[in-house]
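Note sheet for the following structure.
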Amino acid sequence: MSIRTQYTVEEAKSLFSLPFMDLLYKSHTVHREHFPGNRIQASSLLSIKTGKCPEDCSYCSQSSRYGSHTSVQVTQEEIREKALRAKECGATRFCMGASGRRPDGDDLDFVCESIGIVKELGLETCATLGMLTQDEANRLADAGLDYYNHNVDTSPHYYKNIITTRTFEDRIETIRIVQKAGIRVCSGGILGLGETNDDRIHMLTILANLPVPPQSIPINKLVPIPHTPLQDAPSIDPFDFIRTIALARIMMPTSYIRLSAGRSSMEDTMQALCFFAGANSIFVGDTLLTTSNTKIENDKMLLTRLNLVFEE
Ligand code: SAM
Ligand code: DTB
Ligand code: SF4
C-alpha cells in the first residue's frame, strides 16, 4: 500500500476541523491499518547533563536566563542503574538528554560510550544533545545510536516568540544531518506555548512533508516551569490537544506518536482519548528530564483498566 505523506496546509486544516468524532474515527482507522491495536511503546528519559544552558527556550527549566546557574553531570554507573530501572518499568528505549546548544568538550565521547552501556542491557538508545555537525552525527551512528531527538517545538512562524538564540531552520538542518548519518529521527513539539491551532497544523505539515518523516513524534503538553516566561501560559483546550494527536496519526501513519511531557496533569480519560486518537507511546519512570512524570504504578493501573499492553 502506498503511504501518502505530502499534504498542503489547507488539506491538514480541513482534516483538523472535521467533526471531532469523524476525525477520531478516521485517525483510529489509520492507526489500525499500520499498528496492532492496544499496544503502547514505552521509553524512559535521563538527563545526563542538566542546567546552565545558554539558549533562551521560554519553556525550559535549564536555561541560565531563567535562573539555572549550575550544571550537573551524571556518571556512567548512574546511567547503567537508571537504564536497568527503565527496563524494569517496561521501557524498550532509553533516551539520554543533555542541556546545551550543542555537545561540547568530552560530551560526545561520553555519550558514545554510554550508548554501548545501554545497548548491552538490551534497550534501544536515543539521545537529545542539541545541534550536531555531520561528523558528530556520524560518530553517534557508529556508536550504534538508534534515535536522535530534536524537536521543532512549534510552527516556523511562532518559533521566534519562544526561542531567539536559534532558528526553526537550524532545527530542520540538524534533522537533515541526523538522517544523513542513518539515525532515526524523533521530532515533535510542545502544545500550550500560546500558539494557535494553525501553528500546530503547520508544524505537523512540515514534519509530514520532510523527505523522510520522523519515525517518532513526541507531542508534549507544556509543563509550566516557575520563573520562565511561560510559567503562566494558559493551558490548551483538551479537545484541540486530542485533535492534534489525531492529525499527526493521519499524516504520519507509520510513525510512533508519543504522548510525552504533561501526562501528570492529564486525567486518565484524557490519556485514553489520546491513545484512541493514535498515540501509541509514552515516557515511563519517575522523572522526565527535570520534572516529575506519572508514577509507574499509576501507568500500569491505567494500562490494565484499558486492556492495553506495553510493547516488548
Ligand atoms: N538541549 C537539547 C535541545 O534543546 O535540543 C536537548 C534537551 S531539550 C530539554 C529536549 C526537549 O524537551 C525540548 O526540545 C522541548 O521540546 C522539551 N521540553 C523542554 N522543557 C519542556 C517543558 N517545560 N514542557 C514540555 N516540553 C519541554
Ligand atoms: C520530548 O519531546 N520530551 C522530552 C524528551 N523529548 C527529551 C523532554 C520533556 C521535558 C519536560 C520538562 C522537564 O522535565 O524538564
Ligand atoms: Fe537549553 Fe535545550 Fe532547554 Fe533550550 S530546551 S534551554 S537548548 S536545554
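Position one of the sequence shown corresponds to residue 65 (my numbering), numbered consecutively onward. Think of the CB as a built atom: it goes at the ideal place given N, C-alpha and C, for glycine as much as any other residue. Small disclaimer: the values here were computed from a predicted structure and weren't measured.
Under DSSP, residue 250 shares a beta bridge with 213 and 280.
When rounded, the separation of the alpha-carbon atoms in residue 119 and residue 357 is 24 Å. If you draw a 10 Å sphere on the C-beta of residue 324, you find 16 or more other C-beta atoms in it, and that means buried. Put simply, of 232, 116 and 321 the residue whose alpha carbon is nearest the alpha carbon of residue 354 is 116. Using a Cβ-Cβ distance cut-off of 8 Å, the region 232-248 and the region 295-313 are not in contact, since fewer than three pairs of beta carbons, one from each stretch, lie closer than that value. By the 16-neighbour rule on beta-carbons within 10 angstroms, residue 186 is exposed. Where residue 224 is concerned, the enclosing alpha helix (DSSP H) starts and stops at 220-226. Judged by the Cβ position, residue 284 qualifies as a neighbour of ligand 1 at the 7 Å threshold, a heavy atom of the ligand being closer than this. When the beta-carbon positions are compared, residue 270 and residue 312 stay at least 8 Å from each other. Following the DSSP letters along the chain, one finds residue 144 in no beta strand (DSSP E) but inside the alpha helix (DSSP H) bounded by residues 140-152. A distance criterion of 7 Å places the beta-carbon of residue 163 in contact range of ligand 1, judged by its closest non-hydrogen atom. Per DSSP, the continuous alpha helix (DSSP H) segment holding residue 183 begins and ends at 171-184.
Ranking 262, 107 and 232 by CA distance to the CA of residue 352 puts 107 first. In this structure, residue 289 places its C-beta atom within 8 Å of the C-beta atom of residue 125. Look at the beta carbons and you see the region 155-172 touching the region 186-200: at least three pairs across the two are nearer than 8 Å. Around the Cβ of residue 326, a 10 Å sphere holds 16 or more other Cβ atoms; the residue is buried.
Burial is judged here by how many other beta carbons sit within 10 angstroms of a residue's own beta carbon; residue 318 has fewer than 16 and is exposed.
Under the DSSP assignment, residue 108 falls in the beta strand (DSSP E) whose first and last residues are 103-114. Assignment of residue 338 by DSSP, reduced to helix, strand and coil, places it in the helix class.
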